[in-house]
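In our numbering, the protein residues as written are 3 to 262.
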């Protein structure tokens, strides 16, 4: 579940703009998302990011809570900086650290001449198949991939595209397509209502499988979902509702909470 939320939600983060972009960055935007599973609130994501027409900086802090907090503990902060280019994004930095899956973990990505590589991964993922360097090279991190999605919605009012994404553990193929404007589904927990711009997405893991995950493993099934964007006052078009079906946990919902 965690990998899906992180990949889908590029819009959450307590961000500090990197030195490459700091001089050009507008004021940071703070947001909070709540994640629900089977009607229960299970995760909180604090959000801060900053964007210009040419670049972005973002940090996402995800903490377990509610029912999930009783089952396991998680507190992860991931941050990324990068530039927007004609064909998508050019990541500059990515760092993810915190407690997850029973251990303190830290992943750093480096982008040498546009080729992604794992600069640091502690502890090593010894229980997984290694990702070949050539397969990893064209990947972008999950936060950069989704900043690309938000930028596309804001500038082109479209979200069609695909990307190879590394989420810190797994290599994935993500695709998005434009559905267009329409009425958001009614939900008593959803603060934002009415007409919204909808994108549908899918992702499938293509490398970095656990050695125990055979051909019929749920990890090999695609994840399908939808994200709705609304023009939030003072922010611009922002993801306010995300729904996707997880192969193990069923339907999950991510909702933007209003300030205060």
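Where a beta carbon is used, it is the ideal one built from N, C-alpha and C, also for glycine.
No experiment lies behind these values; they were computed from the predicted model shown.
For a test of the three-state rule: what should DSSP assign to residue i, helix, strand or coil?
{"i": "residue 222", "result": "helix"}
{"i": "residue 235", "result": "coil"}
{"i": "residue 214", "result": "coil"}
{"i": "residue 153", "result": "helix"}
{"i": "residue 43", "result": "strand"}
{"i": "residue 84", "result": "strand"}
{"i": "residue 162", "result": "coil"}
{"i": "residue 144", "result": "helix"}
{"i": "residue 135", "result": "helix"}
Pick from the options: whose alpha carbon is nearest that of residue i?
{"i": "residue 124", "options": "140, 136, 105 and 130", "result": "105"}
{"i": "residue 99", "options": "108, 176 and 183", "result": "108"}
{"i": "residue 250", "options": "228, 219 and 50", "result": "219"}
{"i": "residue 86", "options": "199, 152 and 185", "result": "152"}
{"i": "residue 160", "options": "82, 32, 230 and 190", "result": "230"}
{"i": "residue 198", "options": "180, 81, 190 and 170", "result": "180"}
{"i": "residue 57", "options": "150, 228, 165 and 223", "result": "150"}
{"i": "residue 117", "options": "95, 126, 128 and 127", "result": "95"}
{"i": "residue 144", "options": "232, 223 and 80", "result": "80"}
{"i": "residue 33", "options": "47, 40 and 166", "result": "47"}
{"i": "residue 237", "options": "217, 261 and 245", "result": "261"}
Which residues in the same chain as residue i place their Cβ atom closer than 6 Å to its Cβ, once the five residues preceding and following it in sequence are excluded?
{"i": "residue 207", "result": "172, 174 and 221"}
{"i": "residue 92", "result": "84 and 85"}
{"i": "residue 76", "result": "66 and 102"}
{"i": "residue 202", "result": "179, 181 and 228"}
{"i": "residue 113", "result": "93"}
{"i": "residue 55", "result": "none"}
{"i": "residue 146", "result": "82, 84, 91 and 93"}
Compute the distance between the beta-carbons of residue i and residue j, then report whether it is under 8 Å.
{"i": "residue 51", "j": "residue 257", "result": "no"}
{"i": "residue 156", "j": "residue 215", "result": "no"}
{"i": "residue 130", "j": "residue 213", "result": "yes"}
{"i": "residue 178", "j": "residue 196", "result": "no"}
{"i": "residue 141", "j": "residue 168", "result": "yes"}
{"i": "residue 205", "j": "residue 176", "result": "yes"}
{"i": "residue 38", "j": "residue 31", "result": "no"}
{"i": "residue 137", "j": "residue 209", "result": "yes"}
{"i": "residue 165", "j": "residue 90", "result": "yes"}
Give the DSSP bridge partners of residue i, in chain order.
{"i": "residue 120", "result": "111"}
{"i": "residue 201", "result": "180 and 229"}
With a threshold of 8 Å on Cβ separation, who are the neighbours of residue i within its own chain once the five nearest residues in sequence on each side are excluded?
{"i": "residue 234", "result": "194, 240, 242 and 258"}
{"i": "residue 223", "result": "206 and 249"}
{"i": "residue 29", "result": "52"}
Going along the chain, which residues of its own chain have a beta-carbon closer than 7 Å to the beta-carbon of residue i, five neighbours each way excluded?
{"i": "residue 40", "result": "252"}
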